[in-house]
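K.L.:
Residue numbers (numbering that gives the first Met the number 0), protein chains in the order written: chain A, 0 to 295; chain B, 0 to 374; chain C, 0 to 307. Have a look at the structure that comes next, please.
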Amino acid sequence: MTALASGTPQARKRRPDAATVLLGVWGVLGFLFLFFPVLVIVAYSFNEGRLLQSYQGFGLGAYADALTNSAITSGVQVSIYVGVFSALLSAVLGSLAGVAVARRAGARWIGWLTALLGLVMVTPEIVNAVSLLPWFVTLGTEWGLTPLNAGIVRLIIAHSLFSCAVVTFIVRARMAGLSESLEEAAADLGAPPLRRFLDITFPLMRPAVISGALLSFTLSLDNTVLSSFVSTADATPFPVYVFASIRSALRPSIAAMSTLMLLLTLVALALVAIVLVTARRRTGEGMSLASTLAGG
Amino acid sequence: MTDTAIAAPPADLVADDPGAGRVVLAGVSKLYAKNWAVKSLDLEIAAGEFISLLGPSGCGKTTTLRMIGGFELPDEGEITIGGTAMGTTPPYRRPVNTVFQSYALFPHMSVAKNVAYGLKYAKVPKADIADRVADALGMVRMQHLASRMPAQLSGGQQQRIALARALVNRPAVLLLDEPMSALDRKLREEMQIELKLLQQQLGTTFVFVTHDQEEAMTMSDRIAVMNGGRIEQIGSPAEVYDRPSSAYVAGFIGQQNFFEGTVTGADSTAVAVQVADGAVHATRGGDVAPGAAAVVAVRPESIAVADGPAPDEPNAVTATLMSVSRLGSYLQVVTITASGQKVMARVPWGVEIPATIGATVTCRWPADAPMVYPA
Amino acid sequence: MTALALPAPRTAGRRLRWSIGVLAAPITVWLLFFFVAPFLVILWYSFGRKPSLYVTHANDVLSLDRYVEALNPTFLAVFGRTLQISLIGTLLCLVIAFPMAYWMAVKLPARLQGIALALVLVPYWTNFLVRTIGWQIVLSPTSFVADISRGLGLGTPQLLYTPGAVQLGVVYNYLPLMILPLYVTLERLDHRLLEASRDLGANALETFRRVTLPIVMPGIAAGLLLVFVPLMGDYITPSVLGGAAGSMVGQQVATQFNVAQNWALGSAMAIVLMIAILAVVVVFALLFRLVKALVDRHERVAIVEAEA
């Protein structure tokens, strides 16, 4: 008995070893690195100077400028408009394909489609961009498909390509986690095919569709390379405006609008997180944002 | 205990049309990737019968069940339910319901909504749906969990919800695809008894797929032992246990001691087989001819163990006692003969084993115990 | 009944599967029309020429001349720099990301992992271009970094518009793409495996080498791919941070289309870039396999067959 009294059990907590401490320090430094330029942009959005790079004192003038500069506000409008429509388009195309790929259909061409989607995701954006530009010109002028002369239409199509592949993989991951026997059970209980889809399949894949659409939206807002090639003068998204400004002069108003856009993106991301967490809570199983993004 | 019990079924769930539950499979075959999953299967299931399809995985039992349910269509043959040929009728127009192996409860619907799902499509008046759901949940004693989500339930609870969800539709035939495989042993044994009682009270035809022979023995009116896409033997539990038609069935149902040997004499009443450790005389004739290789099967409970080496007579072999262990109400005795053959005996608790471990013993069985099959 | 003749399957199930397959038709058509076709078009252009100052391309004479033209010394020099920046950048991403991902997945308690993941994602979903401009501010001669340097009497450092600035920028920009797949694989790593390895007598380093690393290999491969491919084609980072001294292939391609209006040459350069990326990926995949095969051979356990 006396032997047992030599130490209280709580006192025997193991102290973290040196390796764990080093890993922790490394991790925190890594996060600081990741956040550093973002914080710089936010800080410089309060710059009262004329040029973004040289800080001339604190003020909100840049925000006033950003919200009154018609080039910036129309750029943001174009960005949001394109983001919404390319997200919707990607969600529809990607969800349908995701169901088909997950339920595999056994067909060989589904394998080819998966390879094509992979190719879309690994093709450098610049190659995509330079190939789309002549294609749009050819279709719009030589084939007479005049809607393709509109910058907005071109942007929506261009942004949808990568996004619809992303949505397909997200929906596929979700569908693969759902047993086919759920749909069979619905059939067994008397539901005809369309009702089965509306009652069972769609509600269960909805979180994946919504998060895929929101990710598509943020990807579209972010896109610079494709946009700078396919956009036209009457439809210049915000990142293209910023990219053009680099060659002339960067104003603090750009940092101000970027900060506002960051807030918008954060809201979209928070929505994704809420959708995923709610789905997990309601059904007891779910998918992590990380595995979603990693395509698995 | 209330959680695991099943109450008497409400009157409105009892089968009223006795002919509706009759299922006939005539020459049914199914191909998977150029292999016959099921081959020329003939099976008649009487209305109100509890039949088990028993066999190892890949024997075609689940495919047969899925064809009855309409999830797969046979490549040959016809399935008739309640006198109506099913043809290509989809699952949602068949008078059958299924309890799936993993239960397949809809994760985004409450327990009550899961159970009500089928009634919606059976065009049951809205006012009656709530009553029927309550009755079905009452039957499996799950009323108190009606508003829970499936993820919040234990495996046993999920299984009972799956049962209620299927039975609430008053199917003529209930298909059960290994519904107990995820339950622990004790719960499984309780459910077996309750399921059997429920089936008797409902009068619904139950087609039960399992690889667990004890489960099939406990519940079934008849067992169809399947192997390689065919039915090896079909009969009552007693028939398949006492008179297995092949060495395969003999080995699959219950435990067996197998001896390989050569037939030395055979007529319509008796067979003599010479095995490595002695001679076997069986009064139950097998389909074997003198000179042919044969397999002799002797059930452990037919074997008696005595002290000392065996005398030179048939149906007795000399062996070394290796272990004695108590299993429930009987003793399991393991011995090994001189030729290295393991012989197991099951002796009722209370019968003395007249030897110590390592001693030489005699394993003896009566002449009506061995069954002889062609090797 | 003819036992050998296989009947024509009359499965509604098969029909159902086909109808599900039809759901993939729209995306297939969409990608064929807006991804594959445009690529084939520039492939076609790359065999043509730029006939005059005001015409972007012509395919009246087909040749491989544009490829010869594309592989001029200037382009090759830029290409070499691009390859160097990409390879070093990818490796640096791995070196920085692995301990971070390991710490997040293995050392952090589960409830903090979600937050850590969000922290990785927030900068990633901040506009790529804007993040890069953040670095431009930091590296510019008028920034607080330069002020500190001057304050210490070190003079005004030349940081911006150097290959080093591009290297920093790409490592920063692509780091999350390395962290995410590593985190996902490490998070799925079964801790019992590590305990089993320790139980079987391996020390921490051996456990890492013989258990953790092989299991995480697919994640590492995914991360390398996700970082290397877009990095090779990057056009934004060198435009913002590189100046003339730090330009990359992506800018060369873009210049042919935007400025020089030579679509034939630009197409050839884009194709060369694609082929180079594929070649590097294939070479690395083969190296991976080779190393794995050698390791397997080295650690092979011979099992003496027991007598039958």
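All C-beta atoms, glycine included, are put in the ideal place defined by N, C-alpha and C.
What does R296(C) reach in chain A if we use C-beta pairs closer than 9 Å?
P.N.:
As a working note, residue 296(C) is residue 297 in the third sequence. Simply none; closest approach about 30 Å.
K.L.:
How is the alpha helix (DSSP H) around S210(A) delimited, first residue to last?
P.N.:
Translated into positions along the first sequence, residue 210(A) becomes position 211. Its alpha helix (DSSP H) spans residues 201–221.
K.L.:
Return yes when the Cβ of K29(B) is within less than 8 Å of the Cβ of M66(B), no when it is not.
P.N.:
In the second sequence, counting from the first residue as 1, residue 66(B) sits at position 67. In the second sequence, counting from the first residue as 1, residue 29(B) sits at position 30. Yes, the pair counts as a contact, with Cβ atoms nearer than the cut-off.
K.L.:
Just how far apart, CA to CA, sit L289(C) and P213(C)?
P.N.:
Indexing the third sequence from 1 puts residue 289(C) at position 290. Indexing the third sequence from 1 puts residue 213(C) at position 214. Rounded to the nearest angstrom, the two C-alpha atoms are 14 Å apart.
K.L.:
Using 8 Å as the limit for Cβ to Cβ distance, is I199(A) near chain B?
P.N.:
Against the first sequence, residue 199(A) aligns to sequence position 200. Yes, contact with chain B.
K.L.:
Using a threshold of 8 Å, state whether the C-beta atoms of V279(B) and G260(B) are closer than that.
P.N.:
Within the second sequence, residue 279(B) is the residue found at index 280, counting from 1. Within the second sequence, residue 260(B) is the residue found at index 261, counting from 1. Cβ distance < 8 Å, so V279(B) and G260(B) count as in contact.
K.L.:
Starting from the C-beta of S227(A), find all residues in its chain whose C-beta is less than 7 Å away, skip the five residues before and the five after it, and write them out in chain order.
P.N.:
Within the first sequence, the letter at position 228 stands for residue 227(A). Answer for S227(A): V239, F242, listed in chain order.
K.L.:
Within 8 Å (strictly less), CB to CB, does P146(A) reach chain C?
P.N.:
As a position in the first sequence, residue 146(A) is number 147, starting the count at 1. With 8 Å as the cut-off, P146(A) does not count as an interface residue toward chain C.
K.L.:
Quick check: the Cα distance between R107(A) and V100(A), rounded to an integer number of angstroms?
P.N.:
For this step, residue 107(A) is matched to residue 108 along the first sequence. For this step, residue 100(A) is matched to residue 101 along the first sequence. Taking the straight line joining both Cα atoms gives about 11 Å.
K.L.:
So S301(B) and A366(B) are supposed to be a Cβ contact under 8 Å. How far apart are they, rounded?
P.N.:
Within the second sequence, residue 301(B) is the residue found at index 302, counting from 1. Within the second sequence, residue 366(B) is the residue found at index 367, counting from 1. About 10 Å; that fails the 8 Å criterion.
K.L.:
Any beta carbon from chain A within less than 8 Å of A121(B)'s own beta carbon?
P.N.:
Working through the second sequence from its first residue, we reach residue 121(B) at position 122. Yes, A121(B) counts as interfacial toward chain A.
K.L.:
I'd like to confirm something about P299(B): is its beta-carbon nearer than 7 Å to some heavy atom of the ligand PLP, or not?
P.N.:
For the structure depicted, the ligand PLP is absent and the ligand set is empty, with no information on it obtainable.
K.L.:
Does any CB atom of chain C fall closer than 8 Å to the CB of E182(A)?
P.N.:
Your numbering for residue 182(A) matches position 183 in the first sequence. No, E182(A) does not count as interfacial toward chain C.
K.L.:
Just the Cα atoms here: how many angstroms apart are S229(B) and E71(B)?
P.N.:
One-based indexing of the second sequence puts residue 229(B) at position 230. One-based indexing of the second sequence puts residue 71(B) at position 72. Note on identity: in this sequence residue 229(B) is Arg, with Ser being the wrong assignment. In a straight line, the C-alpha of R229(B) is about 17 Å away from that of E71(B).
K.L.:
Over what stretch of residues does the alpha helix (DSSP H) that includes N257(C) continue unbroken?
P.N.:
Reading the third sequence from its first residue, position 258 is the one you call residue 257(C). Element bounds for N257(C): 248–257.
K.L.:
Taking 8 Å as the CB-CB cut-off, is G154(B) touching chain A?
P.N.:
By one-based count along the second sequence, residue 154(B) stands at place 155. Chain A contact via Cβ: absent.
K.L.:
Cα-Cα, which of L265(A), Y62(A), G117(A) is closest to S162(A)?
P.N.:
Counted from its first residue, the first sequence places residue 162(A) at position 163. Comparing Cα positions, the closest option is G117(A).
K.L.:
My output table needs one value for T277(A): the three-state DSSP class, helix, strand or coil.
P.N.:
Mapped onto the first sequence, residue 277(A) falls at position 278. T277(A) sits in a helix when the DSSP states are folded into three classes.
K.L.:
Quick one: is V119(A) buried, meaning 16 or more other Cβ sit within 10 Å of its Cβ, or exposed?
P.N.:
Position 120 of the first sequence, counting from 1, holds the residue named residue 119(A). It is buried - the Cβ of V119(A) has at least 16 other Cβ atoms within 10 Å.
K.L.:
Would you please state the rounded distance, in angstroms, between the beta carbons of S180(A) and A103(B)? I believe it to be under 8 Å.
P.N.:
Start at 1 with the first residue of the first sequence, and residue 180(A) comes out as number 181. Start at 1 with the first residue of the second sequence, and residue 103(B) comes out as number 104. Yes, S180(A) and A103(B) are in contact; Cβ-Cβ is about 4 Å, under 8 Å.
K.L.:
Note down, in chain order, each residue of its chain lying with its Cβ closer than 8 Å to the Cβ of C92(C), except the 5 sequence neighbours on either side.
P.N.:
Walking along the third sequence from the start, residue 92(C) turns up at place 93. Closer than 8 Å at Cβ, skipping near neighbours: V170, Y173, L174, L176, M177, G222, V226.
K.L.:
Within the continuous beta strand (DSSP E) that includes A36(B), where are the two ends?
P.N.:
Position 37 of the second sequence, counted from the start, is the residue given in the question as residue 36(B). DSSP places A36(B) inside the beta strand (DSSP E), whose first and last residues are 34–44.
K.L.:
Quick one: does S287(A) have its CB under 8 Å from some CB of chain B?
P.N.:
Reading the first sequence from its first residue, position 288 is the one you call residue 287(A). Any reading at S287(A) must be qualified, since the residue scores a pLDDT of 49, below 50, and its modelled position is unreliable; the value itself is stated next. Output row for S287(A): interface = no.
K.L.:
For M260(A), return the contacting residues in chain C, with the cut-off set at a CB-CB distance below 7 Å.
P.N.:
Taking the first sequence and counting its residues from 1, the one referred to as residue 260(A) is at position 261. Ordered by position in chain C, the residues that pass the 7 Å Cβ test against M260(A) are N126.
K.L.:
Which of the three DSSP states is assigned to P156(C) in this structure?
P.N.:
In the third sequence, counting from the first residue as 1, residue 156(C) sits at position 157. Looking at P156(C) - three-state DSSP - the assignment turns out to be coil, as it is neither helix nor strand.
K.L.:
Report the neighbours of F38(C) on chain A: residues whose CB is nearer than 7 Å to its CB, in chain order.
P.N.:
Counted from its first residue, the third sequence places residue 38(C) at position 39. Those are S130, listed as they occur along chain A.
K.L.:
Return yes when the Cβ of L265(A) is within less than 8 Å of the Cβ of G82(A), no when it is not.
P.N.:
Taking the first residue of the first sequence as position 1, residue 82(A) is located at position 83. Taking the first residue of the first sequence as position 1, residue 265(A) is located at position 266. Not closer than 8 Å, so no.
K.L.:
Take the Cβ of K185(B) as the centre, count every other Cβ of all protein chains shown within 10 Å, and call the residue buried at 16 or more, exposed below.
P.N.:
The sequence position of residue 185(B) within the second sequence is 186, counting from 1. It is exposed - the Cβ of K185(B) has fewer than 16 other Cβ atoms within 10 Å.
K.L.:
Could you tell me which uninterrupted alpha helix (DSSP H) segments, each at least 4 residues in length, are contained entirely in the region 147–178 of chain A, listed from first to last along the chain?
P.N.:
150–175
K.L.:
Can you give me the Cβ contacts of D286(B) inside the same chain, cut-off strictly under 7 Å, excluding the 5 residues immediately before and after it?
P.N.:
Here residue 286(B) refers to the residue found at position 287 of the second sequence. Within the same chain, D286(B) has close Cβ partners P373.
K.L.:
If we call anything under 8 Å between Cβ atoms a contact, is A254(A) one with Y43(A)?
P.N.:
What you label residue 254(A) is simply residue 255 of the first sequence in a count that begins at 1. What you label residue 43(A) is simply residue 44 of the first sequence in a count that begins at 1. A contact, by the Cβ cut-off of 8 Å.
K.L.:
How many whole angstroms separate the CB atoms of A237(B) and S51(B), which I take to be in contact at a CB cut-off of 8 Å?
P.N.:
If you number the second sequence from 1, residue 237(B) lands on position 238. If you number the second sequence from 1, residue 51(B) lands on position 52. 14 Å between Cβ atoms; not a contact.
K.L.:
Could you give the first and the last residue of the continuous beta strand (DSSP E) run that contains H280(B)?
P.N.:
Taking the second sequence and counting its residues from 1, the one referred to as residue 280(B) is at position 281. Taken as a continuous stretch (DSSP letters only), the beta strand (DSSP E) holding H280(B) covers 277–281.
K.L.:
I need the DSSP call for R363(B), collapsed to helix, strand or coil.
P.N.:
Along the second sequence, read from residue 1 onward, the residue named residue 363(B) stands at position 364. Here R363(B) sits in strand by DSSP.
K.L.:
Along the alpha helix (DSSP H) that carries V105(C), what are the first and last residues, could you check?
P.N.:
If you number the third sequence from 1, residue 105(C) lands on position 106. Note, V105(C): premise wrong, no alpha helix (DSSP H); not H, not E.
K.L.:
For Y66(C), which residues from the same chain have a beta carbon less than 6 Å from its beta carbon, with the 5 sequence-adjacent residues on both sides left out?
P.N.:
Taking the first residue of the third sequence as 1, we reach residue 66(C) at position 67. Hits under 6 Å: A267.
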